[in-house]
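End of the sequence shown sits at 348 in the working numbering; the numbers just go up one at a time, nothing left out. Every residue gets a Cβ at the ideal spot worked out from N, C-alpha and C, and that includes glycine.
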Amino acid sequence: MERKDFLKMIALSGLTAFNKFTANLSDNGVLMPVLFIGHGSPMNGIEHNSFTQHWVKMAETIPTPAAVLVVSAHWLSKGTKITAMDFPETIHDFGGFPPELFAVQYPAPGSPAIAKETASLIHSTKVELAHDWGLDHGTWTIIRHMYPKANIPVLQLSIDYSKGPAYHYNLAKELHELRRKGILIIGSGNMVHNLGMIAWDKMDKPEYGYDWALDINSKFKQLIYNGDHASLIKYETISKDIRLAIPTPDHYYPLMYTLGLKGTKDDVEIFNDKAVAGSLTMTSVRFG
């Protein structure tokens, strides 16, 4: 069997599982968890460290998904788009890293059917079925650790960068049905993300964070535990130093999607709660 035929079989198998899962679920079915994952450096895609080990552990402790939908900080667009090809390419959207990282391919199938299903759930805006993207490093660096066999359909939903946090939070609510259909939704970014202020000389110093970064990250966690989504949406009012933590909101917006998807009965678990190189936090959250 040729590789393409094999991958197509996997994609169809994933869709069959999706349809079967959907048909058998009632409104009282168990909801798939939702994850916000701090993805950090692209090097996490090939390294085995405390962060990637927890990604592996997370995959082992949640139900095997029918598909994975990722909102990555690295796909910013005008309007909302979703990958809708059978076989999304592995995008190496970075520079200055070793050849081993550029050599990585993550050949997971996509699913045009699930893309259309997802687009049909969103009524606040028209969703474009995209064929010119793929899986960027905000997705594959995480997913290849969680599902190394690449046998589960993976899709990406773009971030309309012309819209504010409330827009993304409310759009996410329209995707809640996917949780009942066995779809694992992941927001991939970083709560505190300021590349311009990274302490390169402290890259190897464990959990090194500037005071303002640790303080703001602590405030984020407390608001998440308290369910104070309104304050997280209006993040610019959280601290006088917020512009240091979020100079641009691209890596923060994926958190809005996971907050919008949180159910009233979902437990909250914080993991990978560490600072890196002063101005970056890997803090991640599981809802449900």
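Beta-carbon proximity list for residue i, same chain, < 8 Å, skipping 5 on both sides
i, result
"residue 100", "111, 250, 336, 340 and 342"
"residue 84", "Reliability fails at residue 84, whose pLDDT of 37 lies under 50, so the model's placement of it is uncertain and the value that follows must be treated cautiously. Cβ within range, chain order: n/a, list empty."
"residue 299", "272, 275, 276, 279 and 305"
N-terminal and C-terminal residue of the alpha helix (DSSP H) that residue i is part of
i, result
"residue 9", "It is not possible to answer for residue 9, since the shown part of the chain is limited to 61 through 348."
"residue 291", "289-293"
"residue 284", "271-286"
"residue 233", "225-233"
"residue 91", "First-last for residue 91: undefined, no H or E at that position."
9 Å Cβ cutoff met for residue i and residue j
i, j, result
"residue 235", "residue 170", "no"
"residue 175", "residue 189", "yes"
"residue 137", "residue 196", "no"
"residue 318", "residue 95", "yes"
"residue 125", "residue 244", "yes"
"residue 321", "residue 232", "yes"
"residue 295", "residue 268", "no"
Nonlocal neighbours in the same chain, by C-beta distance under 7 Å from residue i, ignoring five residues either side
i, result
"residue 328", "284, 285, 345 and 347"
"residue 207", "119"
"residue 179", "142, 187 and 189"
Secondary structure of residue i, DSSP reduced to three states
i, result
"residue 253", "strand"
"residue 165", "coil"
"residue 220", "strand"
"residue 106", "coil"
"residue 347", "strand"
"residue 170", "coil"
Inter-residue Cα distance where the pair is residue i and residue j
i, j, result
"residue 240", "residue 121", "17 Å"
"residue 326", "residue 93", "8 Å"
"residue 158", "residue 303", "31 Å"
"residue 282", "residue 213", "34 Å"
"residue 262", "residue 270", "11 Å"
"residue 82", "residue 237", "With a pLDDT of 45 at residue 82, under the threshold of 50, the predicted position of this residue should be treated as unreliable, and no value is reported."
Range covered by the beta strand (DSSP E) that runs through residue i
i, result
"residue 135", "127-137"
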